[in-house]
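A.B. asks:
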Amino acid sequence: MHTTEPGQPRSAPAAGELSRIGPYHIVGILGEGGMGRVYLARESHPPRQVALKVARGPAPNLAARLRREIETLAALEHPGIARLYAAGEARVGDASVPWLAMECVRGEHVLDHARNTQADLATRLRLLVRIARAVQFAHERGVVHRDLKPGNILIDAEGQPKVLDFGIAQREGGADATLTLAGQVLGTLPYMSPEQLSGGDGSADARSDVYSLGVIAYELIGGRLPHPRLATSTLFEALDILRHEAPPPLAQVTSGARGDLDTVVMKALASEPAQRYASAAAFADDLERVLEHRPVVARRATLAYRARRFVRRHRALSAANTQNTIAAATAVSL
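So the working numbering is basically just the index in the sequence shown, starting at one, shifted up by 156.
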């Protein structure tokens, strides 16, 4: 439901394909997945481009998922979440299928954005904070995303992260549909929590999304996945990896993540949900504490630790104040 090249669809519709749905004129194809196809479309009133997602045929389970996504997005009005504009049903061949029209986000996914802009560590942490705040907004409305990954997080032209694709989201406490009857995995293995991979009713709560945020943070800061082999693993291989292999601490992957940042990210990646942050907001709060050189809650704060944080924070403030004083004195002398 996005494009990384503003206004440029991946391809034009073939002869005989859809040309219009409701008020939307279809320009081209942005992408497609298991649930359906996403088109780039134009609306006349108001004049704008939209991402138009149409269910793949009349299959009841696919149509039901898209309807559930429509219901989910209708409750998620937030600057960090791609906006739902409209939804309805359309005749495609002999069947009636659901569709939804969404904000067409023009930008790059978060990893490409950080790489192409040569974002420093502080900028990457601020992006993570904003992403986690958007996810928290969904959680507060009872929605667990279940497919958080870099490809579902775009950074627009203003630098605003946008969380996309709530196609397999579920209401917290609802039945888990990680596995279909055919054994198909719903989600993306390298970013899925151990409990989501294992399946079971109600297994993916907000802490499962916290785990996915931890994977994204690890990759955004360290330049690699915590478990690279998951990218080419089967479901059963992935379960075995997560049960028997611990990811290397982030501080071993990049020296820039030593100390509190390593502690914060690795807490989000804890294999046991009870050992993770209880919420995306708590994860975001600790990332902000890292940025501000304040004590994080991910570790027991001893008196010596608090003292070190105090000294480091006030050393940074003193340096900033000194620079401001010099600048002011220079201005006065001029």
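Using N, Cα and C, we set each Cβ at its ideal position, and we do this for glycine too.
Look at R212 and G192 and say whether their C-beta atoms are less than 8 Å apart.
C.D. replies: Between R212 and G192, the CB-CB gap stays under 8 Å.
A.B. asks: If you drop the 5 nearest sequence neighbours on each side, which residues of the same chain put their C-beta closer than 6 Å to that of D418?
C.D. replies: P405, L406 and A407
A.B. asks: Mind checking who E199 pairs with in its DSSP beta bridge?
C.D. replies: Y180 and R204
A.B. asks: May I have the straight-line CA-CA distance separating R176 from G236, to the nearest angstrom?
C.D. replies: So the two alpha carbons sit approximately 29 Å from each other.
A.B. asks: Does T431 pass the burial test, meaning 16 or more other C-beta atoms within 10 Å, or should it be called exposed?
C.D. replies: Note that residue 431 corresponds to Gln in the displayed sequence, not to Thr. It is exposed - the Cβ of Q431 has fewer than 16 other Cβ atoms within 10 Å.
A.B. asks: Check this for me: beta carbons of E264 and L310, under 8 Å apart or not?
C.D. replies: yes
A.B. asks: Do S435 and H301 have their beta-carbon atoms positioned less than 8 Å apart in this structure?
C.D. replies: The answer is no: Cβ separation not under 8 Å.
A.B. asks: Pull up the distance between the alpha-carbon of P429 and that of S364, whole angstroms please.
C.D. replies: 7 Å
A.B. asks: By the three-class DSSP mapping on this structure, what secondary structure does Y241 have?
C.D. replies: strand
A.B. asks: Identify every run of the beta strand (DSSP E) within the region 249 to 285, keeping only runs that are complete inside it and at least 3 residues long; order them along the chain.
C.D. replies: 251 to 259 and 261 to 265
A.B. asks: Would you kindly work out how many angstroms separate the C-alpha atoms of V371 and L425, rounded to a whole number?
C.D. replies: Answer to the nearest angstrom: the Cα atoms are 7 Å apart.
A.B. asks: Taking the alpha-carbon positions, what's the A457 to P306 distance?
C.D. replies: Only weak support is given to the placement of A457: the predicted model assigns it a pLDDT of 47, under 50, and the question is left unresolved by the model.
A.B. asks: Quick check: the region 252 to 259 against the region 280 to 287, are there 3 or more CB pairs under 8 Å?
C.D. replies: no
A.B. asks: Quick check on the DSSP output: the alpha helix (DSSP H) that includes L310 runs from which residue to which?
C.D. replies: First-last for L310: I309 to D312, but that is the beta strand (DSSP E), not the alpha helix (DSSP H).
A.B. asks: Cβ of A360 within 8 Å of Cβ of Q326?
C.D. replies: yes
A.B. asks: DSSP state of E401, grouped into three classes?
C.D. replies: coil
A.B. asks: Tell me whether P216 sits in a helix, a strand or coil according to DSSP, three-state version.
C.D. replies: helix
A.B. asks: Thinking C-alpha only, which one of G178, D250 and R286 is nearest Y241?
C.D. replies: G178
A.B. asks: State the Cα-Cα distance for the pair R262 and E448, rounded to the nearest angstrom.
C.D. replies: 31 Å
A.B. asks: Is the shortest distance between the beta-carbon of I287 and the beta-carbons of chain B less than 8 Å?
C.D. replies: Of the protein chains in this structure there is only one, and it is not chain B.
A.B. asks: What does the Cβ neighbour count give for S411, buried or exposed, with the cut at 16 atoms within 10 Å?
C.D. replies: exposed
A.B. asks: Less than 8 Å between the C-beta atoms of I287 and L398, yes or no?
C.D. replies: no
A.B. asks: Enumerate in chain order the residues of its own chain whose CB-to-CB distance from M422 is below 7 Å, with the five nearest sequence positions on each side excluded.
C.D. replies: P405 and L406
A.B. asks: Is it right to say F439 is buried, meaning 16 or more other beta carbons lie within 10 angstroms of its own, or is it exposed?
C.D. replies: buried
A.B. asks: First and last residue of the alpha helix (DSSP H) that includes V366?
C.D. replies: A362 to G378
A.B. asks: Can you list, in chain order, the residues of its chain whose CB lies under 8 Å from that of G415, leaving out five sequence neighbours each side?
C.D. replies: A407
A.B. asks: Would you kindly work out how many angstroms separate the C-alpha atoms of T390 and P346, rounded to a whole number?
C.D. replies: Rounded to the nearest angstrom, the gap between the Cα atoms of T390 and P346 is 11 Å.
A.B. asks: Considering only residues of the same chain and omitting the five flanking positions on each side of R239, which have a CB-CB separation below 6 Å?
C.D. replies: E259
A.B. asks: Taking only three categories from DSSP, how would you classify V421?
C.D. replies: helix
A.B. asks: Can you say whether T273 is buried or exposed, counting buried as having 16 or more other CB atoms within 10 angstroms of its CB?
C.D. replies: The Cβ neighbour count for T273, taken over all protein chains shown within 10 Å, is under 16; the residue is labelled exposed.
A.B. asks: Quick check on this structure: which residue in V299, R297 and V291 has the alpha carbon closest to the alpha carbon of P317?
C.D. replies: Comparing alpha carbon positions, the residue from V299, R297 and V291 closest to P317 is V291.
A.B. asks: From G298 to L222, what distance separates their C-alpha atoms?
C.D. replies: 18 Å
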